Structure formats: structure tokens, C-alpha cells
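To start, the structure itself, in C-alpha cells.
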Amino acid sequence: MVKDRLPELEARIKVRNDKNARKKAEFDFSQLHAAVFDQVNELHSDIDNLRQDINAVDRLQKDILATPQQDPKLDSQLSELTNSIRERAHKIRSSLKELGQQEDDKLLSGLSGKCRLKSSQHAAISRQFVHIMNNYSQLQVDYRDKCKARIRTKLRIAEVSFSEDEVEKMLEKNHTGIFTQAIMAETEAAKRSLSDIEARHADIIRLEKSIQEMKELFFNVALLVDQQGDLVDQVEYNLNKASDCVVNSKRTLSSAVIRNKKNRRVSEHFHLLFCREIVASFPKLCFQSTVCQILHYSSH
């Protein structure tokens, strides 16, 4: 009779399919993990470049304020760096948003540990980005206030009298020629002051726009940070808890080693006493044995 081998064949096919599916899942995850790693590295690189640009802006702003008269070259460099920072900041925000959306990938549904690791990286980078941009925003606000103070100083040099309210109203205008209309520059010193006033006014207009863009950027990134903040705190709690467990385990192990040494010393002490008792009682036993033998022979 021919043996039915169909069940055995089906079982082998099932095992083979399971192995292939497992290998495919591992391959897909390794590819995804490498892609996330590349994204994180690129984000760190962009943030480093962003920090360098912001430091360069800080130096340029100080140079501009230290220059007695307008320097078109410095103004042009500052404008280029400001545009570069804006573009790089929007790129980082888009990358963070994309990285956050990947957390809903079905492929990661069963890999909670990897998800937490990636989420913690996302939240840490987001917070770092917000911190850097917050410093940049404060830098812009300080520079705007210094530009306003410089404009008031130049107005006094040009011997033009405006009240604080009048200066503020002119600064709020969105065109740089407002001071030209208000000042009749008759002397050479007044003309130089007017040129610098208009340049600083243009800076203020750009700064107001940049500050508004930073506010919108902060709002969007803050949402990402809030969403990831609890997870980062939980990861930090787990790490601290694991560290405490390691410390407690070391203490427990040390105590066990100490107790083991004490027990071994006690055991050795009792063993030594036992040996001493045996040695001490040996002559007595020998004497008793000899007496018994003598009595035995005497009786015969």
C-alpha cells in the first residue's frame, strides 16, 4: 500500500514559507533601520550647520553695529546668512515631521523597543532644534532693539528732533524711504547718517518678518516635541530604573560574597575544632583500648 506523503509535504512547505517570511521581515526591518539611521545622521549634520550659520550671524551683527557707517558688503552677507538659516530651518522641520510620521508604519507595529528608540531620537533632536532656534530668535530681537537705538543716535547726529512715538511710528512703516521723506539732508554728516538709518531700518523690517516666521516654526515644532516628550521621559525613567537595578544587584552580590566568606570562615573554624577534639581524644581512646586488652588477657 502506498503511504500518503501529502501531509508531510504540506508541513515542509509551511516551514519553508515561515522561514522565508521571517527572513523577508528581518531584511525589510534592517533596510528601514538603516534608513532611519541615515535620517538621524543627516538631521544632526543639518543642525550643526545651522548652529554655525547662527554663530556667523551673531558675529556679522556685531561687526555691523561696530561700523560707524553703512557697509553694503556686511549687509549683503547678513541677508544671505539669514536666508540660509530660514531655508535650513524649514528643511529640518520637514525632516522631523517625516521622521515622526514613520512611527505609524505597520512594519514597526510589533517592534516596540525599536519604536521607542527611534521616538526618543526624534524627540531629542526636536528639542535641540527648538533650543537652537530659540537662541536665534532672541538674537534677532536683541539686534532689532540695537538697530532702533542706533537709528535714534543717528537722528540726533543729524540734528533731527523726533519724539519716541514719532520714531516708533516711522519704524513700523514697511518702506525704507520713510526717513528720507521726514529728513531734509542738507549737510554731508546728515546724508551719511540718513544712509545708515535707512540701512538699519531695512534690517528691522527683515527682522520683523524673520521673527514672525520663527514664531510659526516654533509652533509647528513644539507640537512635535509635546507629542514625543512623554515618551522621552518614560525612556529616561526606564534607564534610571535599570541603572538603580544594576546598583542594587551589585550591592546584593557584594553582600552575598561577604556572607559566603563569613560562612566559609565559620565552617573552617568548626572543622578545626573538630580535628582538635579528635586529636585530643586519640590518646585517651588508645589508653582505654590497652586497658581492655590487659584485662582480657588477665582473665585468661
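To convert, count from 1 in the sequence shown and add 7; that's my numbering. The beta carbon of each residue, even a glycine, is placed where N, CA and C say it ideally should be. Quantities reported herein were computed from a predicted structural model and do not represent experimental measurements.
Helix, strand or coil at residue i according to DSSP, with G and I counted as helix
i	result
residue 76	coil
residue 36	For residue 36, the pLDDT reaches just 45, beneath the cut-off of 50, and the residue's location in the model is therefore unreliable, leaving the point undetermined.
residue 194	Low confidence applies to residue 194: its pLDDT is 49, below 50, so where it sits in the model is not reliable enough to give any reading.
heavy atom of the ligand HEM below 8 Å from residue i C-beta
i	result
residue 127	This structure simply doesn't include the ligand HEM, nor any ligand for that matter.
Residue i burial status per 10 Å Cβ neighbour count (16 or more: buried)
i	result
residue 210	buried
residue 96	buried
residue 126	buried
residue 161	buried
residue 72	exposed
residue 133	buried
residue 130	buried
residue 136	buried
residue 66	exposed
residue 64	buried
residue 100	buried
residue 151	buried
residue 239	Low confidence applies here, because residue 239 scores a pLDDT of 47, under 50, leaving its location unreliable and the question unanswered by this model.
residue 113	With a pLDDT of only 44 at residue 113, under the threshold of 50, the placement of this residue in the model should not be trusted; the figure read from the coordinates follows. Classification of residue 113: exposed, given that the 10 Å Cβ count is below 16.
Residue-chain proximity (residue i, chain B), Cβ-Cβ < 9 Å
i	result
residue 125	No chain B is present in this structure, which holds just one protein chain.
*With a cut-off of 8 Å, do at least 3 Cβ pairs link the stretch 73-80 to the stretch 101-110?*
With contact defined as three or more Cβ pairs closer than 8 Å, the stretch 73-80 and the stretch 101-110 are not in contact.
*Touching or not, the stretch 138-147 and the stretch 52-68, by the rule of three or more beta carbon pairs under 8 Å?*
Because the criterion of three Cβ pairs below 8 Å is met, the stretch 138-147 and the stretch 52-68 touch.
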